[in-house]
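Chemist:
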Amino acid sequence: MRWLLLSFTTLLILSTVHPVSAHIEKGNMPDSVAEMEYRILLEFKPEDTKTRSLLGMALLRQNKLKEAEQEFRTILRQDPDNFNSLDALGIIKTRQKEYDEALSTLQAAITINPSDPMVFFHLGLVLEKVNNPPEAMVALQTALDNLKTSQTTPAVKKSQKQEIEQALSRLQDKKTLD
Numbered sequence: 000m001r002w003l004l005l006s007f008t009t010l011l012i013l014s015t016v017h018p019v020s021a022h023i024e025k026g027n028m029p030d031s032v033a034e035m036e037y038r039i040l041l042e043f044k045p046e047d048t049k050t051r052s053l054l055g056m057a058l059l060r061q062n063k064l065k066e067a068e069q070e071f072r073t074i075l076r077q078d079p080d081n082f083n084s085l086d087a088l089g090i091i092k093t094r095q096k097e098y099d100e101a102l103s104t105l106q107a108a109i110t111i112n113p114s115d116p117m118v119f120f121h122l123g124l125v126l127e128k129v130n131n132p133p134e135a136m137v138a139l140q141t142a143l144d145n146l147k148t149s150q151t152t153p154a155v156k157k158s159q160k161q162e163i164e165q166a167l168s169r170l171q172d173k174k175t176l177d
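Mind the numbering: the sequence shown is residues 0 to 177 in numbering that gives the first Met the number 0, read in order.
Quick look at the structure:
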């Protein structure tokens, strides 16, 4: 009962402080606090895929891979073509070293949104892990190409470009050593 009262009070406070969106944005609170808030919100609206996705990402950033996977799979049961959930699940499967599933999940995400740069970046990392440098380089180059037309902010674009270029450089260095 106390938990329910706390949940209701938190939700009430969130809705009056910021009536448009009760969601915590990344950076405003630690992921552990955001996780609790998202769980509370989902108690009231379990079908809210946006909140569930935010919870999944908070869990992923905390390396709570099994819990994050569960949240993204819940979304995919409701919406099998949810690009962000497929991409996130690919990241999770990569971290769990389940590379075959990571590859198939990321390829499914690419069929939904072939212009997203970061899904190709994630694919490139998996291809590097499975020792397929030529395809990894193609995926990473596609990520760079897609980044040129990406609608992200300049700061995010710069950060993503650095990540992609570092991965490409690492692959080129390996190629030179071989």
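Think of the CB as a built atom: it goes at the ideal place given N, C-alpha and C, for glycine as much as any other residue. This structure is a prediction, so every number in the text was calculated from the model and none was measured.
(1) Should residue 116 go down as buried or exposed, given a rule of 16 or more other Cβ atoms within 10 Å for buried?
(2) Could you check the C-alpha separation between residue 157 and residue 29 for me, to the nearest Å?
(3) Expressed to the nearest angstrom, what Euclidean distance is found between the alpha-carbon atoms of residue 180 and residue 170?
(4) When the Cα of residue 56 is compared with those of 68, 47, 46, which residue comes out closest?
(5) Rounding to the nearest angstrom, what Cα-Cα distance links residue 46 and residue 174 in this structure?
(6) Taking 7 Å as the threshold (C-beta atoms), are residue 137 and residue 101 in contact?
(7) Distance, Cα to Cα, residue 76 vs residue 85?
(8) DSSP on residue 104, reduced to helix/strand/coil?
(9) Quick check: the Cα distance between residue 119 and residue 150, rounded to an integer number of angstroms?
(10) Nearest-angstrom Cα distance between residue 38 and residue 83?
(11) Of the residues 133, 88, 41, 81, which one's Cα is nearest the Cα of residue 111?
(12) Please work out which residues of its chain come closer than 6 Å, Cβ to Cβ, to residue 128, disregarding the five sequence neighbours upstream and downstream, and give them in chain order.
(13) Beta carbon of residue 139, beta carbon of residue 166: below 7 Å?
Modeler: In short:
(1) Here residue 116 is taken as the residue at index 117 of the sequence shown, counted from 1. Buried.
(2) Along the sequence shown, read from residue 1 onward, the residue named residue 157 stands at position 158. Along the sequence shown, read from residue 1 onward, the residue named residue 29 stands at position 30. Roughly 24 Å separates the two Cα atoms.
(3) Lying before the first or after the last residue shown, residue 180 is absent from the chain, which here runs from 0 to 177.
(4) Here the question's residue 56 lines up with position 57 in the sequence shown. Ranking the options by Cα distance to residue 56, first place goes to 68.
(5) Mapped onto the sequence shown, residue 46 falls at position 47. Mapped onto the sequence shown, residue 174 falls at position 175. If you take the alpha carbons of residue 46 and residue 174, they lie about 47 Å apart.
(6) Counting from one through the sequence shown, the residue named residue 101 turns up at place 102. Counting from one through the sequence shown, the residue named residue 137 turns up at place 138. The answer is no: Cβ separation not under 7 Å.
(7) As a first step, residue 76 must be located in the sequence shown, where it is residue number 77. As a first step, residue 85 must be located in the sequence shown, where it is residue number 86. Residue 76 and residue 85: Cα-Cα distance of roughly 11 Å.
(8) As a working mapping, residue 104 is identified with position 105 in the sequence shown. Correct three-state label for residue 104: helix.
(9) The residue you call residue 119 lines up with position 120 of the sequence shown. The residue you call residue 150 lines up with position 151 of the sequence shown. One C-alpha to the other measures close to 16 Å.
(10) Walking along the sequence shown from the start, residue 38 turns up at place 39. Walking along the sequence shown from the start, residue 83 turns up at place 84. Rounded to whole angstroms, residue 38 to residue 83 spans 19 Å at the Cα level.
(11) The residue given as residue 111 occupies position 112 in the sequence shown. Closest by alpha carbon: 81.
(12) Here residue 128 corresponds to residue number 129 of the sequence shown, with the count starting at 1. Taken in chain order, the residues that qualify are 98.
(13) Within the sequence shown, the letter at position 140 stands for residue 139. Within the sequence shown, the letter at position 167 stands for residue 166. Against a cut-off of 7 Å, the Cβ pair of residue 166 and residue 139 comes out as a contact.
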